[in-house]
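Counting from 1, one number per residue, gives the positions in the sequence shown under my numbering.
The C-beta atom is built at its ideal place from N, Cα and C for all residues, glycine as well.
Below: one structure, written as structure tokens.
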Amino acid sequence: MVNLRTFPDLWRRWPVTVRDLPLALLIALASAVPALQDRGTQLGDLPGRPFDALAVVAITLECLPLAIRRRWPAISLALVSLGFTIDQLRAYHTVAGAALAVALLSAGAYLERGRRTTMVVGSAAYVALAVALDRQGSTEGVSGFLTFYLALALAWGAGAWLRQSRIAEAERRHRVAATARAAERSRIAGELHDVVTHHVTAMVVQAEAARYLTAAPDRLDTTLTAITDTGRRAIADLRILLDLLNPDHSAEPRTPAVGELPALVEQTRQAGQPVEFSQEGSPAEMTGGAEVAAYRVVQEALTNALKYAHGSRTAVHVRHGESEITVEISTDGSDASASSPGGSGRGLAGLRERVTVLGGEFSAERREGAGFVVRARIPTGSVS
């Protein structure tokens, strides 16, 4: 037994011709109902005629082509128009005559090529039908034929409006998708920058220190082990980010949290940077992107400390408030001259954007005398 909740999904999977067939059959069956005979469209006001074999042909031509009105709209319209012409010339006046409006609307909505040609040929065919009906004694008159033509044009116009709406919606979705892809690429680029810069900087600093430890095997072994651990962490983080570029990747990406800050601080210490770490409060249950932003702020600041103030005292303080996370990283001065605490400033610019998007505040500036300090206030979105 088919689950009613899954029926809409099954219906959408069927070919479009199968989905359009019920309407065609419904109109055909309605035309066969005795009470509805001679109740259809009466263009020309000719005296009605009883159904015969040709009436069956006319109903078939008017109704069954509606099943292909979306797949082959031009063919559907041509067949329905032929059936409608027979219907009116023979004065059957069947309910199936309503199929012409459906075919016109569908052609206006789904016909991609030859739209102008279709309108010209259709208009010429209508004029020929009007002349033929007039010669058979029609009392419709020019105004009547013109009114019916305008009604048919309205059906075509409605279809054309639906087509333009569908095209506009497709373009809107394309723009949204392109914007989302660009934002995702920017996010991944930022994550790659954070990961590569931090880990590679730590490895370079540790490798430089190892050059001077050849006379101390124990310390050299510790430094080389730290380099190996840093490299493995870098590979693991890069693998996670590269998985995001895989089209088959469906799992939620792993993102760092404030709770991983002690490991980050310890890694920086192993690279030879004296870091004092303190933390107040505990992270809220739901912080959205605030935890990731706070982690990245500390990571970037520690990376800059390794690059531009290696060996200088660095203090990291994180405070978890009721509705925000505040982070402050200060580094004592060094003799190294750099135009800014972050060198090119790309990492800090990315952090400022990330924090600002969350509604927070970010600053990175030099301290009086020497050194620099990075501060960030990041709302968590928690309701107290």
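C-alpha gap between residue i and residue j, whole angstroms
i, j, result
"Ser363", "His320", "18 Å"
"Thr282", "Ser323", "Sequence inspection shows Ser at residue 282; the Thr mentioned does not correspond to that position. Rounded to whole angstroms, Ser282 to Ser323 spans 12 Å at the Cα level."
"Gln279", "Leu261", "10 Å"
"Ala125", "Ala96", "19 Å"
"Val127", "Ala168", "34 Å"
"Arg367", "Val357", "26 Å"
"Glu365", "Arg166", "52 Å"
"Leu104", "Leu77", "6 Å"
"Leu224", "Ala207", "8 Å"
"Arg185", "Ser31", "58 Å"
"Ile68", "Asp20", "7 Å"
"Gly342", "Arg71", "At Gly342 the pLDDT is 42, less than 50, meaning the model places this residue with poor confidence; the figure from the coordinates comes in the next sentence. Cα-Cα distance, rounded: 60 Å."
"Val80", "Pro65", "6 Å"
"Cys63", "Ala55", "12 Å"
"Ala338", "Asn304", "Bear in mind that a pLDDT of 40 at Ala338, under 50, signals an unreliable position, so the model cannot answer this."
"Thr147", "Thr6", "45 Å"
"Arg12", "Gln42", "36 Å"
"Leu133", "Trp14", "41 Å"
"Arg313", "Leu238", "29 Å"
"Leu162", "Pro22", "22 Å"
"Phe51", "Phe84", "14 Å"
"Ala153", "Thr380", "58 Å"
"Arg116", "Ser106", "15 Å"
"Asp9", "Arg173", "22 Å"
"Arg421", "Val16", "The shown model of the chain, from 1 to 384, leaves out residue 421, and the question about it has no answer."
"Gln299", "Tyr308", "14 Å"
"Leu89", "Arg181", "58 Å"
"Ser250", "Asp221", "Because Ser250 carries a pLDDT of 48, less than 50, the predicted location of this residue cannot be relied on, and the following value inherits that uncertainty. Taking the straight line from one Cα to the other gives about 40 Å."
"Gly157", "Ala177", "30 Å"
"Tyr149", "Pro34", "29 Å"
"Met119", "His193", "58 Å"
Where the beta strand (DSSP E) containing residue i begins and where it ends
i, result
"Pro274", "Here Pro274 belongs to no beta strand (DSSP E), and DSSP marks it neither H nor E."
"Pro379", "Phe372 to Pro379"
"Glu324", "Glu324 to Thr331"
"Val318", "Thr314 to His320"
Status (buried if at least 16 other CB within 10 Å, exposed otherwise) for residue i
i, result
"Gly40", "buried"
"Ile235", "exposed"
"His199", "buried"
"Ile137", "Rather than Ile, the amino acid found at residue 137 in this sequence is Gly. Exposed, since its Cβ has fewer than 16 Cβ neighbours within 10 Å."
"His93", "buried"
"Arg394", "Nothing about residue 394 can be read from this structure; the chain reaches only from 1 to 384."
"Gln164", "exposed"
"Gly122", "buried"
"Leu36", "exposed"
"Leu348", "buried"
"Val18", "exposed"
"Ser143", "exposed"
"Ala189", "exposed"
"Ala183", "exposed"
"Ala151", "exposed"
"Val275", "buried"
"Ala170", "exposed"
Residue i at chain D interface by Cβ criterion, 7 Å
i, result
"Ala58", "The structure shown contains no chain D, having only a single protein chain."
CB contact flag (residue i, residue j, <7 Å)
i, j, result
"Thr201", "Leu351", "no"
"Gly159", "Ala99", "no"
"Ala301", "Ile325", "no"
"Ala58", "Ile86", "yes"
"Gly360", "Gly333", "no"
"Thr139", "Asp45", "yes"
"His386", "Val205", "Only positions 1 to 384 of the chain appear in this structure, which leaves residue 386 out of reach."
"Gln388", "Ala226", "The structure shown has nothing for residue 388, since the chain only spans 1 to 384."
"Val373", "Ser330", "yes"
"Leu111", "Pro73", "yes"
"Ala130", "Phe145", "yes"
"Val292", "Phe277", "no"
"Met203", "Thr230", "yes"
"Arg61", "Leu29", "Rather than Arg, the amino acid found at residue 61 in this sequence is Leu. Not a contact, by the Cβ cut-off of 7 Å."
"Ala315", "Ile378", "no"
"Gly48", "Ala91", "yes"
"Val327", "Ala263", "no"
First through last residue of the alpha helix (DSSP H) which encompasses residue i
i, result
"Pro73", "Pro73 to Leu89"
"Glu266", "Leu261 to Gln270"
"Glu62", "Ala53 to Cys63"
"Arg366", "Element bounds for Arg366: not the alpha helix (DSSP H) but the beta strand (DSSP E), Glu361 to Arg366."
"Ile27", "Val16 to Ala32"
"Glu291", "Ala290 to Tyr308"
Enumerated in chain order, which unbroken segments of the alpha helix (DSSP H) with a length of 4 residues or greater are wholly contained in the region 98 to 135?
Listed in chain order, the alpha helix (DSSP H) elements of length 4 or more contained wholly in the region 98 to 135 are 99 to 110 and 115 to 135.
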